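Residue numbers (our numbering): 190 to 483.
This is how it looks when you write it as C-alpha cells:
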C-alpha cells in the first residue's frame, strides 16, 4: 500500500499541489487524473522522490523508506533515452543497471510484442515518437518491478498500441503489480482503472473506487430516441434540462421521476427507446469541478 498524506508543493507564488491525500491499494490500477497543468506530474515526481514535498509524507507499506530502485518502474512524461545508441543496447544497459539476470531473451520478446523486433540495431533517434514511447515503456517494466508509475503513458501511441499497452497493464495487474498512472485522457482511464483520484489546480476533487464514483457522482440521464427524427426538436423537451446529440435526446432526471418524463413524452410522440445513460468519467469530472467553483 502507498499512502500519500497531505503533500503540498509551491513554486514561488504558484501552488502546484495542495494538501493532497491518496491511498493506493496493492495489486490495483490507480488512475491519477486531471487536465493539463492540474499538478499530476508534480505529484508523480514527489511520489518518485525526484522532488521533495514542502509538506506532508509518502509512505510505502506503512514506512517512509522507499522500496529499492529495482522494485519500482517509472515512465516519465519526458523521454529520457540515450539517442545515439541502439534499441537493443539501450535495454541491455538499463537491464544491467537493475541486475536483470539473462535479459537478452526477455528484451527480444518485449520488442517483438511491441512490433520493434526488426529495430534492434536502430538508433533510438531513428525511432518515431510512438516507438520511442514503446521502448521507454519496455524499459519501465523489463526488471519486473512491484510498483509501476507511469506519467501520461498513452502519449504518442496510436489506437492499436494503446490497446496493446492496456492489455499488458492488465496482465501486470493480474500478476499482483501496483500500477499508478497519470493521464488527461479520461476515456482510457475509465476502461482500465480500479481506483481514481481527480485533481484540478493542484487540489483533490474526489478519490476512490471508480465504480463507486461513477454511481454516486454522475448526473443521471435518460437517453430518449423518438421513432420519428423530426420529434428530436419537439417543444416538449424544453420542460427538461436536455441536450440533443447523435439521434437521441439526453434528459437529466434530477427533479423529475423517470415515469413522469416518459409519460410526458408519450403524450407527444412515439418512442423508439428509452434507457438510462451512464455518464462518462469526463462528464463527472466537469460536473464536480463546476460544483466546487459555484
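Heads up, the beta-carbon is just placed ideally off N, CA and C, and yes, glycines get one too.
All values derive from a computational prediction rather than experimental measurement.
Going by DSSP, name the residue or residues bridged to residue 470.
-> Residue 470 pairs with nothing; no bridge assigned.
Is there contact between the segment 215-230 and the segment 370-389, where contact requires at least three CB pairs shorter than 8 Å?
-> yes
On the three-state DSSP scale, how would you describe residue 483?
-> Per-residue confidence for residue 483 stands at a pLDDT of 48, beneath the threshold of 50, marking its modelled position as unreliable; the derived number appears in the next sentence. In this structure, residue 483 counts as coil in the three-state DSSP scheme.
If we count the other Cβ atoms within 10 Å of its Cβ and call it buried at 16 or more, is residue 483 buried or exposed?
-> Residue confidence for residue 483 is low, a pLDDT of 48 falling below 50, so the modelled location carries little weight; the figure read from the coordinates is stated next. So residue 483 counts as exposed.
Within-8 Å CB hit, residue 398 to chain C = Absent from the structure: chain C. Only one protein chain is present.
Spatial neighbours of residue 465 in its chain, beta-carbon cut-off 6 Å, leaving aside the 5 residues before and after | none
Residue 321 and residue 268 look like a contact to me (Cβ under 8 Å); what is the Cβ gap, rounded to whole Å?
-> About 6 Å; that satisfies the 8 Å criterion.
Same chain, Cβ closer than 7 Å to residue 243, five either side skipped, listed in chain order | Same-chain partners within the cutoff: 197, 198 and 199.
Leaving out five residues on either side along the sequence, give the residues of the same chain with a beta carbon under 7 Å from the beta carbon of residue 342.
-> For residue 342, where only same-chain residues beyond five positions count, the Cβ hits under 7 Å are 264, 326, 354 and 370.
The segment 421-434 touching the segment 332-342, judged by at least three CB pairs closer than 8 Å | no
So residue 319 is in the alpha helix (DSSP H); what residue range does that whole segment cover?
-> 318-330
Beta-carbon separation of residue 314 and residue 272 under 8 Å?
-> yes
Residue nearest to residue 318 in terms of C-alpha spacing, selected from 345, 309, 292 and 301 = 345
Roughly how far, in whole angstroms, is the beta-carbon of residue 218 from the beta-carbon of residue 470, given that I think they are within contact range, below 8 Å?
-> With a Cβ gap of about 14 Å, residue 218 and residue 470 do not count as contacting.
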